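Report on the structure given below.
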Amino acid sequence: MQTIQSLRGMNDIKEQDGVLFLYFIENCSLIAKRYGFDFISTPILEQTSLFVRSVGNSSDIVTKEMYRFTDKGENDVCLRPEGTASVVRSFIEKKLDKAGGVHRFYYFGPLFRYERPQKGRLRQFHQFGCETIGESSYMEELNMIDMLTKIFQFFKITFKLHINSLGCQECMPSFKRDLVKTLHTIKLCDDCVKRAITNPIRVFDCKNKDCQNKLKNIAKITDSLCEVCQKDFDSLTNMLDNLDIPYTIDKNLVRGLDYYTKTAFEFISADIGSQDAIAGGGRYDKLVSQLGGKDRSGVGFAIGIERLMPLIKIDKQKKDMWYIATTTDEAIQMLGKIVSSKRKSTCVLTDYKKRSWTKHISNATKKGATHLAIIGQDEFQDGTIWTKNLITKDEKIVTIKEFKELN
Ligand code: HAM
403 MQTIQSLRGM NDIKEQDGVL FLYFIENCSL IAKRYGFDFI STPILEQTSL
453 FVRSVGNSSD IVTKEMYRFT DKGENDVCLR PEGTASVVRS FIEKKLDKAG
503 GVHRFYYFGP LFRYERPQKG RLRQFHQFGC ETIGESSYME ELNMIDMLTK
553 IFQFFKITFK LHINSLGCQE CMPSFKRDLV KTLHTIKLCD DCVKRAITNP
603 IRVFDCKNKD CQNKLKNIAK ITDSLCEVCQ KDFDSLTNML DNLDIPYTID
653 KNLVRGLDYY TKTAFEFISA DIGSQDAIAG GGRYDKLVSQ LGGKDRSGVG
703 FAIGIERLMP LIKIDKQKKD MWYIATTTDE AIQMLGKIVS SKRKSTCVLT
753 DYKKRSWTKH ISNATKKGAT HLAIIGQDEF QDGTIWTKNL ITKDEKIVTI
803 KEFKELN
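Here is the structure:
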């Protein structure tokens, strides 16, 4: 019979990758908690309109990449392509926009985008993200960027930070009007012609070399910021200097999601090939009101976990792990009792089949156990158990009572 394969661009995370994945999530969660973020988990399936109204009608994500279908109740739904809109939806639904104050959330989980799969680009991928709602100060972008540098330093990942300001309701509309006029005078690729109509600043994101050359010398939003945006951007870069966080001002950085205002940033790795963005984020001061809530500022980021996995190395220091087994069927129930009791305090692997001493010893080593305990025929009769510390190589036979107390 033909076997069933996973879908293209969708991977299982298992064995060593599973270990790395959990290690990454656990440590990012610890760091996020240190910065005052609380955990949130939102559903994977959402109403399609949530992303149309936030990520935007002109974005590639909404126009080309959503896993969208009609469910049995005739609802237009999709698998979430990103996490920010869902967090904001939940925030408004819980009426936190009316409560006021600053709210910080962190999350992780799978996202879905129907893109052409390649190295570092999947159709199901995972993000670790943070969102702060209700804080309008540029210090919150600083908080996020500072946290991201701590995360990358923890995992010993080298990165480059690119940063830009996209302006606000004051300066962005007039810049866009002037840009459209300029774009009419330049011959660009078909995609850019469409972008000029739907969201003109996205032309700066075009990967076509000819477009990039033609757009090189025209004015960018960063050159036309209003006084408030300019001051905030200068204060932010000044603080980055103060914290010794190196950055490049990238005037072409516009991001692929339409909800950004003011600060936009991306972290890039030189060690993972062409899909080199390891995290992206920015400010979204209009998103809460755009989705029907009160006017509340927002800022956030998301890290692409799969892109980082090849770069993460786990601290070699081994945690204690017992492998407890038996060579005789008679001791199976005794083994069950000992394993259950030992698991109150430590991690235990076991094997409920009777096997030879050599087989158990080789299994324990393969599975990375640090301690081994075997009930052989003699031990079963004596009410004892043979133990070996696989690191120091010390061996001893102890009574079952002593074993339960052994660390
Ligand atoms: P994004 O730039 O679309 O932003 O995604 C963030 C990160 O997710 C990227 O930098 C990349 O590492 C990873 N990523 C994106 N697409 C893929 C893919 N197809 N395969 C593998 N990894 C991928 C957002 O999603 C925003 N929600 C970030 C944000 C949060 N902005 C404000 N708050």
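Taking my numbering, I'd label the letters of the sequence shown as residues 403 to 809. Ideal placement from N, C-alpha and C gives every residue a C-beta, glycine not left out. If you're wondering where the values come from, they're calculated on a predicted model, not measured in any experiment.
Query	Result
8 Å Cβ cutoff met for Tyr437 and Met541	no
Glu781 classed as buried or exposed, judged by whether at least 16 other C-beta atoms fall within 10 angstroms	buried
Thr534 vs Val489 beta-carbon contact at 8 Å	no
Classification of Thr486 by the beta-carbon crowding that lies within 10 angstroms, buried from 16 upward	buried
Residue closest to Leu659, alpha-carbon to alpha-carbon, out of Gly569, Lys618 and Gly684	Gly684
Beta-carbon proximity of Ile707 to His564, cut-off 8 Å	no
Nearest-angstrom beta carbon gap, Lys769 and Leu751 [assumed within contact, 8 Å]	6 Å
Asp784 versus Tyr425: straight-line alpha-carbon distance, rounded	42 Å
Segment limits, alpha helix (DSSP H) that includes Phe493	Thr486 to Glu495
Contact under 8 Å by Cβ, Phe510 with Gln526	no
Reduced DSSP secondary structure (H/G/I, E/B, other) of Asp593	helix
Any non-hydrogen atom of the ligand HAM closer than 7 Å to Ile716 Cβ	no
Distance between Phe423 and Ile415 (C-alpha atoms, nearest Å)	8 Å
Distance between Cys608 and Pro519 (C-alpha atoms, nearest Å)	19 Å
Residue of Asn601, Ile777, Ser699 and Lys611 minimising C-alpha distance to Glu732	Ile777
Assigned exposure category for Met403 - 16 Cβ within 10 Å defines buried	exposed
Distance cut-off 7 Å: Thr486 Cβ against heavy atoms of the ligand HAM	yes
Reduced DSSP secondary structure (H/G/I, E/B, other) of Cys573	coil
Cβ-heavy atom distance, Phe423 to the ligand HAM, below 7 Å	no
Ile623 in three-state terms, based on DSSP	helix
Under 8 Å between C-beta atoms of Ile603 and Leu585	no
Residue from Gly694, Leu774, Thr786 and Ile787 with nearest C-alpha to Thr794	Leu774
Residues that DSSP places opposite Arg523 in a beta bridge	Gln520
Inside the region 428-505 only - beta strand (DSSP E) runs reaching at least 3 residues	447-449, 470-472 and 478-481
Stretch pair the region 546-561 + the region 673-693: three plus CB contacts closer than 8 Å	yes
CB contact flag (Tyr508, Phe441, <8 Å)	yes
Any non-hydrogen atom of the ligand HAM within 7 Å of Ile427 CB	no
Residue(s) in a DSSP beta bridge with His528	Pro512
Whole-Å CB distance - Val723 paired with Ala771, under 8 Å assumed	It is Met, not Val, that sits at residue 723 in the sequence shown. Rounded, the Cβ-Cβ distance is 5 Å, consistent with contact.
Beta-carbon gap between Glu797 and Lys790 smaller than 8 Å	yes
Arg604 - partner residues in DSSP beta bridges	Answer is none; Arg604 lacks a bridge partner.
Glu533 Cβ short of 7 Å to the ligand HAM heavy atom set	yes
Bridge partner(s) assigned by DSSP for Ser567	Thr665
Beta bridge counterpart(s) of Asp703 as assigned by DSSP	The sequence as given places Phe at residue 703; Asp does not occur at that position. Its beta-bridge partners are Cys532 and Gly683.
Candidates Tyr725, Thr730 and Gly569, of which the one nearest Val630 by Cα	Gly569
Alpha carbon of Asn610 to alpha carbon of Leu617, nearest angstrom	11 Å
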